[in-house]
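Chains as they are written, first to last, in this note's numbering: chain Y, 10 to 234; chain V, 10 to 234. See structure below.
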């Protein structure tokens, strides 16, 4: 038996993994970046094969990882987590530094960053695992806590996007809330659910310029569940 | 430049990864277990090649992962985190269930567990990355928080053992505490540091039957720094 609720007990951080160069860069919100060896310091980054960043990592042979903090803005999460960089330049208007390999490093809401050179690419199915050797690491802000997936889900009420390794089809979860009768509205971009039963204002009474607190999408992008 | 303090900003959970069978099982505390694909649900476990559990995973082609909670006892952390199973049977006296593949699943202090069949073994240097397909997952206790590496370091003051992917040689860290003059004593088994400057009782005044709060080692296993 597989109870998918058990999978929510695993702990992850949330990062912006970026690649490309000064002419065209891209990044995505990742929760699967982790150290795999200490000597030398090597890291693994798990990336959906369909992600535009995966293409750039293969082209440049390098990537950067920005560790973002708990109060990271909805704009940053929406921009890097729920939109595709094949449509627009995600680095435009961002505070970006270029690493030793030339990859962009997003500094907005970042408390630390790492830069890695890819030494191995592993096919694990729908995703690539890129193994990278650390060539640069910097601490930017030691006063703020790193954003974790748990905090994002519990406090920010966010969900994993469809391309994430940890995406869970909601139909697989035991629906403990099925008896609540108030209306719910789901953001069609990021999956965030606005639940009338727990909010002070009903969804239909929200102003028309209200935006999704997670990804910044407009009210009309929500669908009633 | 590499500032190793930046690496502490990455988030990890802490788990007991086990393998073997009813006649001989073993497990180790791991902070690098994570989902790599959603469809099908696949996970990666990073394991030092010298770990006895690595040998058992290769023999059985399967492993289990117990998600332990924040108040996990020092005995469990010491037993699975800082001792080798080649010397004694770590499963003896533990609350163990045997999975569909026959691997032991540690239930002590566990809030959830997963069982995976190995489908791929990747050499990343000093460690193996085992890619496993999920065959069983169970939620045991939804009331407790999962233990994270951050909590373990900040609240429990623990350090990564030498075989961990995230082990950091202390000489690489910027020693911000170098001006504090009180004596410090280090557990030679797990690396835990007892610092007179922050504790109520000086180390030398502790009773002789006092044990390391992290791994349960005896007072005489501590060395003055």
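Using N, Cα and C, we set each Cβ at its ideal position, and we do this for glycine too.
Measure the C-alpha to C-alpha separation of residue 56 of chain V and residue 11 of chain Y and round it to an integer number of angstroms. 24 Å
Residue 162 of chain Y at chain V interface by Cβ criterion, 8 Å: Taking Cβ atoms only, chain V never reaches closer than 8 Å to residue 162 of chain Y, which makes this a no.
Taking the CB atoms as reference points, tell me whether residue 279 of chain Y and residue 36 of chain Y lie closer together than 8 Å. No statement about residue 279 of chain Y is possible, as the shown extent of chain Y runs from 10 to 234 and does not include it.
Can you give the beta carbon distance from residue 213 of chain V to residue 196 of chain V, rounded, assuming they're within the 8 Å contact cut? That belief does not hold up - the Cβ atoms of residue 213 of chain V and residue 196 of chain V are roughly 15 Å apart, past 8 Å.
Taking the alpha carbon of residue 75 of chain V as the point to measure from, which residue in Y/79, Y/19 and Y/50 has its own alpha carbon closest? Measuring from the Cα of residue 75 of chain V, the nearest candidate turns out to be Y/19.
Should residue 139 of chain Y be flagged as near chain V, meaning a C-beta pair shorter than 8 Å? no
So what does DSSP say about residue 176 of chain Y, is it helix, strand or coil? coil
Starting from residue 69 of chain Y, find everything on chain V with Cβ-Cβ shorter than 9 Å and list it in chain order. Ordered by position in chain V, no residue passes the 9 Å Cβ test against residue 69 of chain Y, which lies about 20 Å from the chain.
Does any C-beta atom of chain V lie closer than 8 Å to the C-beta of residue 187 of chain Y? In this prediction, residue 187 of chain Y scores a pLDDT of 43, lower than 50, which makes its location untrustworthy; no coordinate-derived value is stated.
Rounded to whole angstroms, what's the CA-CA distance from residue 166 of chain V to residue 204 of chain V? Just pull it up for me. Near 11 Å, if we compare the C-alpha coordinates of residue 204 of chain V and residue 166 of chain V.
From residue 130 of chain Y to residue 54 of chain Y, what does the alpha carbon distance come to, in whole angstroms? Taking the straight line from one Cα to the other gives about 10 Å.
Between residue 222 of chain V and chain Y, is there a C-beta pair that is closer than 8 Å? no
Would residue 89 of chain V and residue 25 of chain V be called neighbours here (beta carbons separated by less than 8 Å)? yes
One question on the structure: do residue 156 of chain V and residue 194 of chain V come within less than 8 Å of each other, judged by their Cβ atoms? The answer is no: Cβ separation not under 8 Å.
Selection of the stretch 17-29 of chain Y by Cβ proximity to chain V, strictly under 7 Å: 18, 19, 20, 21 and 22
Check this for me: beta carbons of residue 39 of chain Y and residue 71 of chain Y, under 8 Å apart or not? Residue 39 of chain Y is not a Cβ neighbour of residue 71 of chain Y, given a cutoff of 8 Å.
Cβ neighbours of residue 143 of chain Y in the same chain (closer than 8 Å, five flanking residues each side left out): 49, 50, 51, 52, 123, 124 and 125
List the residues of chain V whose Cβ lies closer than 7 Å to the Cβ of residue 157 of chain Y, in chain order. Within chain V, the residues near residue 157 of chain Y are 20.
Per-residue contacts from residue 125 of chain V into chain Y (C-beta, under 7 Å): None at all; the shortest Cβ gap to chain Y is about 11 Å.
Rank V/93, V/232, V/30 and V/77 by C-alpha distance to the C-alpha of residue 158 of chain V and give the top, closest one. V/77
Using the rule of at least 16 other Cβ atoms within 10 Å of the residue's Cβ for burial, across every protein chain shown, is residue 102 of chain Y buried or exposed? exposed
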